[in-house]
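Working notes, structure below.
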Amino acid sequence: MSEFIIVFRETLEATLIVGIIYMVLIKNSLNNVLKKVWLGVVSAIFASIGIAFLVLNLKNTFGNNSYQSLFEGIFIYLTAIFIYYVIFWLSQHISDTKELEQKTVHSLSISSWGIFLLVFFAILREGFETVIFLISSFSMHGSFSYTGFILGMVLAIIIGYGIVIQGKKVPLKRLFQVTTLCLVFIASGMLAYGTHEIEEYLVKSNKIQESQIMRPWNILKPQDTIHHNQFKFIYSYNEQKNKYIHFLHDKGNVGVFLKGFLGYNSNPNYLEFIIWLVSLLFGFNLWRRVYYPKQKPVMAT
Numbered sequence: 264m265s266e267f268i269i270v271f272r273e274t275l276e277a278t279l280i281v282g283i284i285y286m287v288l289i290k291n292s293l294n295n296v297l298k299k300v301w302l303g304v305v306s307a308i309f310a311s312i313g314i315a316f317l318v319l320n321l322k323n324t325f326g327n328n329s330y331q332s333l334f335e336g337i338f339i340y341l342t343a344i345f346i347y348y349v350i351f352w353l354s355q356h357i358s359d360t361k362e363l364e365q366k367t368v369h370s371l372s373i374s375s376w377g378i379f380l381l382v383f384f385a386i387l388r389e390g391f392e393t394v395i396f397l398i399s400s401f402s403m404h405g406s407f408s409y410t411g412f413i414l415g416m417v418l419a420i421i422i423g424y425g426i427v428i429q430g431k432k433v434p435l436k437r438l439f440q441v442t443t444l445c446l447v448f449i450a451s452g453m454l455a456y457g458t459h460e461i462e463e464y465l466v467k468s469n470k471i472q473e474s475q476i477m478r479p480w481n482i483l484k485p486q487d488t489i490h491h492n493q494f495k496f497i498y499s500y501n502e503q504k505n506k507y508i509h510f511l512h513d514k515g516n517v518g519v520f521l522k523g524f525l526g527y528n529s530n531p532n533y534l535e536f537i538i539w540l541v542s543l544l545f546g547f548n549l550w551r552r553v554y555y556p557k558q559k560p561v562m563a564t
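According to our numbering, the residues represented by the sequence shown are 264 to 564, in order.
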């Protein structure tokens with residue numbers, strides 16, 4: 264789910280950027296410059312792949328020592344903060360058509376390579392964001408949805424093409440409004456998971472004891488057997504752990520989806536739960552201010 268939302272949003276932004284620049288060049292009969300646009304797109308994609316390998320190597324370097332959980336926690340914290348920056352500041356400027364058209368004209372006044380650089384860095388930024396978000400998402404879930412990745416990319420390209428090239432009327436503001444709200448939930452879940460990883464580091468390094476950690480609830484512990492007075496259909500058997508898992512446990516049939524989208528943890532500590540709740544309220548408030556700003560009162564003349 265998170266892969267679909269992240270890739271869909273970032274690809275849609277990238278598609279709109281390329282589409283707007285493409286239309287400016289076509290309107291000005293500058294078809295000969297289009298090669299620089301596609302060269303910028305392809306170069307940015309390869310550069311993004313290079314960044315992905317670099318970040319993964321850096322992550323794996325730290326992931327093979329005793330500081331793995333601490334590094335995971337800090338990395339996911341930084342990613343969540345970066346998400347807030349992206350969705351509440353950059354996203355307000357990325358869809359400014361007039362500003363992008365002005366940048367295109369200005370780049371053309373320098374040289375055709377100015378268009379290449381404009382496209383390259385715009386797409387590279389989207390690629391960098393996608394890489395960071397997806398790596399953090401993978402760290403949280405331990406799995407990757409290629410289906411969500413591909414569907415998000417294809418759908419975004421189709422919508423972007425329809426808007427820019429075909430002139431289709433699509434409620435673009437509503438799309439960004441919904442995906443931004445989804446990213447608010449994802450970012451809050453990342454902050455909660457980052458807190459969980461830092462706690463794990465502190466326990467493994469004997470800085471705190473597991474028994475000292477207070478938790479608001481822990482009612483969904485995996486069980487060795489199911490008692491006769493329990494509903495069997497709400498449990499599934501985990502062969503790896505030889506345990507019965509409640510469907511609302513974060514590894515259960517329903518809980519695993521809640522974890523993927525909301526950062527749900529069926530056994531959080533108090534700090535983890537409070538950070539999740541506060542960050543969610545903070546993000547929702549920012550989202551509401553961006554998309555539902557208060558109207559200034561009109562002064563009577």
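Cβ coordinates follow ideal geometry from the N, Cα and C atoms, glycine included.
All figures in this text were calculated on a predicted structure; none of them were measured in a lab.
Can you tell me whether W301 is buried or exposed? The criterion is at least 16 other CB atoms within 10 Å of its CB, across all chains shown. Answer is exposed; the Cβ neighbour count stays below 16.
Suppose the cutoff is 6 Å on Cβ atoms and the five residues either side in sequence are ignored; what does the same chain contact list for G515 look like? Apart from sequence neighbours up to five positions away, the residues of its chain that approach G515 with a beta-carbon distance below 6 Å are I508 and H509, ordered along the chain.
Thinking C-alpha only, which one of N323, L444, N501 and Y456 is nearest L341? Minimum Cα distance to L341 is reached at Y456.
What residue range does the alpha helix (DSSP H) around Y285 cover? Membership of Y285 in the alpha helix (DSSP H) is indicated by the continuous run S265 to K290.
Name the DSSP bridge partner or partners of K506? Beta-bridge pairing by DSSP links K506 to N501.
Would you identify the three-state DSSP class for Q440, choosing helix, strand or coil? In this structure, Q440 counts as helix in the three-state DSSP scheme.
Euclidean distance between Cα positions of V417 and V270: Each residue's alpha carbon lies about 9 Å from the other.
When the distance is taken between beta carbons, is R478 closer than 7 Å to N528? Contact flag unset, no.
Going by beta carbon distance, what residues of the same chain come within less than 8 Å of T488, once the five residues before and after it are set aside? Excluding positions up to five away in sequence, the list reads Y507.
The ligand ATP and E473: does any heavy atom of the ligand fall closer than 6 Å to the residue's C-beta? Among the components modelled here there is no ligand, and therefore nothing to report on the ligand ATP.
Count the other CB atoms within 10 Å of the CB of E273; is the residue buried (16 or more) or exposed (fewer)? By the neighbour-count rule (16 or more Cβ atoms within 10 Å), E273 is buried.
Check for me: the alpha helix (DSSP H) holding F334 runs from which residue to which? Counted as a single uninterrupted DSSP element, the alpha helix (DSSP H) harbouring F334 occupies residues Q331 to Y348.
Under the assumption that L525 contacts F439 (Cβ atoms under 8 Å), give the Cβ distance between them as a whole number of angstroms. With a contact defined as Cβ atoms closer than 8 Å, L525 and F439 miss out at about 20 Å.
Our contact map puts M286 next to I339 with C-beta atoms below 8 Å; I'd like the distance itself, whole angstroms only. So it is not a contact: roughly 38 Å between Cβ atoms.
CA-to-CA distance, L381 to Y347, given in whole angstroms: Taking the straight line joining both Cα atoms gives about 24 Å.
At the level of alpha carbons, what is the spacing between Y555 and K436? Near 12 Å, if we compare the C-alpha coordinates of K436 and Y555.
Where the alpha helix (DSSP H) through N469 begins and ends: In the DSSP annotation of this structure, N469 is not part of any alpha helix (DSSP H), being labelled neither H nor E.
C-alpha distance - Y409 paired with F520, whole-angstrom precision: C-alpha separation (whole angstroms): 16 Å.
Under 7 Å Cβ to Cβ from V304, same chain only, skipping five residues before and after it: list those, please. Here the set comprises V281, V382 and I386.
With a 10 Å radius around its C-beta and 16 neighbouring C-beta atoms as the bar for buried, classify L279 as buried or exposed. With a threshold of 16 other beta carbon atoms within 10 Å, L279 meets it and is buried.
Mind checking who Q365 pairs with in its DSSP beta bridge? For Q365, which the question treats as bridged, DSSP gives no partner whatsoever.
Alpha carbon of W376 to alpha carbon of Q331, nearest angstrom: Each residue's alpha carbon lies about 43 Å from the other.
Spatial neighbours of S542 within its chain, please: CB distance less than 6 Å, with the 5 preceding and 5 following residues excluded, ordered by chain position. Hits under 6 Å: S451 and L454.
Beta-carbon contacts of W539 that lie in its chain and below 6 Å, excluding the five residues immediately before and after: So the list reads S451 and A455, once near-sequence residues are dropped.
Cβ pair Y464, L333 closer than 7 Å: Pairing Y464 with L333 gives a Cβ-Cβ distance under 7 Å.
I need the straight-line Cα distance from I378 to I289, nearest angstrom please. Rounded to the nearest whole angstrom, the C-alpha separation of I378 and I289 is 13 Å.
Beta-carbon gap between I284 and T367 smaller than 7 Å: Yes, these two residues count as a Cβ contact at 7 Å.
Work out the CA separation of L511 and K495 for me, nearest whole Å. Approximately 13 Å, taken between the alpha carbons.
At what residue ranges does the region 515-540 contain a whole run of the alpha helix (DSSP H), taking only runs of 4 or more? 518-525, all fully within the region 515-540.
Output the boundary residues of the alpha helix (DSSP H) element that contains L380. S375 to H404 is the span of the alpha helix (DSSP H), which, as asked, contains L380.
Within 7 Å, strictly: CB atoms of F545 and G415: In this structure, F545 keeps its C-beta atom at 7 Å or more from the C-beta atom of G415.
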